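When we follow this note's numbering, the leftmost residue of the sequence shown carries the number 303, and every step to the right adds one. These notes are about the structure you will find just below.
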Amino acid sequence: MLVACIRFPPTSTQSLDVLNYAIMNNKNLRIIEILALSVSIIVTALVMLRFTEWKIDSGIFVLFLAAISPYICLFLVDIVLRKFAPTLKMSLVFCGTSLLMLGLTLFIYVYLLAETPAHRSSTDVLVFVVVPFYLYVGGAVVLVGGLIWALLSKSYKNKNI
303 MLVACIRFPP TSTQSLDVLN YAIMNNKNLR IIEILALSVS IIVTALVMLR
353 FTEWKIDSGI FVLFLAAISP YICLFLVDIV LRKFAPTLKM SLVFCGTSLL
403 MLGLTLFIYV YLLAETPAHR SSTDVLVFVV VPFYLYVGGA VVLVGGLIWA
453 LLSKSYKNKN I
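See the structure below:
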């Protein structure tokens, strides 16, 4: 349906506009955000389970809840703020924040998995306390900065489509 609105052959700017429209809408950005947060939770769970040799007790479960809480909190803040201002810029801010959180999660936890069990120390489990703290602080800074940008910048309008 979108292709029928474009004159053929499309110019390079029309091609970019179609790509921009296909990616830059609230629904697609929301899907990307949910996927990033879901992958972050799954990676955290798998790394934590592998790190504990697939044994689960109450202490590990509490640590797991603390480790995934930044992702859940970002999702809940997104739900609350979307009720007040469901704009494209808000979607961009939350999608970008969730992708940055995913990147940090993958970087830290994959690095932790790369260590062999013989080289692990007893303090390596602290990464599951420190990384969520950094995700809270860094996520809050990125989110507040993005929300300030969203409030102060001009509205986004795609006039070519």
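For every residue, glycine included, the Cβ atom is placed at its ideal position computed from N, Cα and C. Since the model is a prediction, treat every value here as computed from it, not as a measurement.
Asked	Found
Residue burial classification, residue 339 (beta-carbon count within 10 angstroms, cutoff 16)	buried
CB of residue 353 within 9 Å of CB of residue 414, strictly	yes
Classification of residue 404 by the beta-carbon crowding that lies within 10 angstroms, buried from 16 upward	buried
Residue environment, residue 396, which counts as buried when at least 16 other CB atoms sit within 10 Å	buried
CB contact flag (residue 401, residue 433, <9 Å)	no
Test item: CB-CB of residue 390 and residue 327 under 9 Å	yes
Distance, residue 371 Cα to residue 394 Cα	21 Å
Cutoff 7 Å; reference residue 392; Cβ partners in own chain excluding five residues on either side	383, 384 and 452
Same chain, Cβ closer than 8 Å to residue 351, neighbours up to 5 away in sequence not counted	358
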